[in-house]
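Numbering (my numbering), first residue to last: 584 to 1017.
So, in structure tokens, the structure goes:
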């Protein structure tokens, strides 16, 4: 079991990693190297031989392997990203890169997404070194760049150019799963991710006839684009249940003592109350307009207008997604993928999922573990190119009233130190026996 030093280190490491500003503004505007060197130094201190890898100078990744006791067992990848999204300091209660520890809570950008997990991994690996512990299967540790943008300098680069470092790995664990969800009625639910929707960031382009703003113009590119964006934003996507979501709804229905009527999913979700929030984003595809670009002067009708849409599709749902976008954009607006990644699905009846469930239940016996599908995406998409099945498993025991989902990319991102202690214990228990 993780020692007291590991509990101290996970809090300190989280704070110190937050203080290293690795803001990823997209378009290559990020420098993860200082955080990568920080992680590599602590891995080396645990007797490992970390490798630092860059596709672009300053966009650094770290990979290290811990040999297991069973050479015949498949390897397990444990990964976390080092970059974070931007934060506006004047919107925060504390400076977002202060790493301040106040009243037992660590504050700052990355406290949840996901320098907390990076710190957990480092703390566990160092505790093993002190105890002389070796896991059953090889554990490959990876800290990646560029997850908050295209992953081209991070997991994509590693999967495409350095696949040999992950040889033998069949499964991986990373962010956003095994955290406490309080349902408001005294139940503590711990969702473990066994899938994620595909990423479909879209660029829409409407073309028309440029002209004077005072003239009649029935080929106005802005009007054409606005109409398409309105149709996309108002579209009601049909229900589509994947095996992961079916399993999740069935387990939640059993927990609440209600019928798992999968022919009336909307009714079932209503009966689940607050717990429905875990499932609602993943029973349908989605497309949300996010950016509009057009024109340069109020009295000039531009010849072109552009919009961007954040689209997500379920496993098996890409063909439907494409066909729907063709219909919604219409004949006057073209669309293309600005960034695309596949949807993922992982078995919920695997020994690995059972191991994660057992690790959570050991330290949260009052909790109820359920599978779920992540509405967004992670580096697991890129690592899937290597045949690695990904799960979301960043264990945190959170107090009631703590809005975990709001912390992702939100203002005043923070994590309780006790949640990090729980995470180290659970991660240690799982990785020792996985």
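Ideal placement from N, C-alpha and C gives every residue a C-beta, glycine not left out.
DSSP, read as helix, strand or coil, puts residue 967 in helix. Under DSSP, residue 879 shares a beta bridge with no residue. In the DSSP assignment, residue 841 falls outside any alpha helix (DSSP H), carrying neither H nor E. The beta carbons of residue 804 and residue 791 sit about 3 Å from each other, so the pair counts as a contact at 8 Å. Two segments are said to touch when three or more pairs of C-beta atoms, one from each, lie closer than 8 Å; by this definition the region 640–653 touches the region 719–734. Per the C-alpha coordinates, the member of 606, 657, 704 positioned closest to residue 623 is 704. For residue 735, the three-state secondary structure derived from DSSP is coil.
Counting every other CB atom within 10 Å of its CB across the protein chains shown gives residue 841 a total below 16, marking it as exposed. For residue 913, same chain residues with a beta-carbon under 7 Å away, outside a window of 5 residues either side, are 811 in chain order. The C-alpha of residue 599 lies about 24 Å from the C-alpha of residue 660. Counting only residues of its own chain and dropping the five nearest sequence neighbours on each side, residue 972 has a CB closer than 6 Å to the CB of 754, 929. Between the beta-carbon of residue 951 and that of residue 770 there is about 6 Å, and that keeps the pair under the 8 Å contact cut.
Rounded to the nearest angstrom, the Cβ distance from residue 961 to residue 759 is 7 Å, consistent with a contact under 8 Å. Taking a 10 Å sphere around the C-beta of residue 857, we find fewer than 16 other C-beta atoms and assign the residue as exposed.
If you compare the alpha carbons of 902, 751, 954, 610 with that of residue 921, the shortest gap goes to 610.
Bridge pairing for residue 871: 893 [DSSP].
Sequence-distant Cβ neighbours of residue 944 in its own chain, meaning closer than 8 Å and more than five residues away, are 950, 952. Under DSSP, residue 999 forms a beta bridge with 688. The beta carbon of residue 773 lies closer than 6 Å to those of 761, 943, 950, 952 in the same chain, with the five residues before and after it left out. Note on geometry: alpha-carbon atoms of residue 825 and residue 868 lie some 11 Å from one another. Taking C-beta atoms as the reference points, residue 651 and residue 604 fail to come closer than 9 Å. One thing to note: residue 915 has its Cβ no nearer than 9 Å to the Cβ of residue 675. A contact between stretches requires three or more CB pairs, one per stretch, nearer than 8 Å, and the region 834–853 fails this requirement with the region 873–884. Taking each of 593, 666, 649, 672 in turn and checking the Cα distance to residue 617, the smallest one comes out for 666.
Cβ contact annotation for residue 800 (same chain, cutoff 8 Å, sequence separation greater than five): 791, 792, 794, 884, in chain order.
Annotation: the continuous alpha helix (DSSP H) that includes residue 813 extends over 804–817. In this structure, the beta-carbon distance from residue 983 to residue 947 does not fall below 9 Å.
Beta-bridge pairing by DSSP links residue 665 to no other residue. For a cut-off of 8 Å, the C-beta gap from residue 688 to residue 1000 is around 7 Å, short enough to register as a contact.
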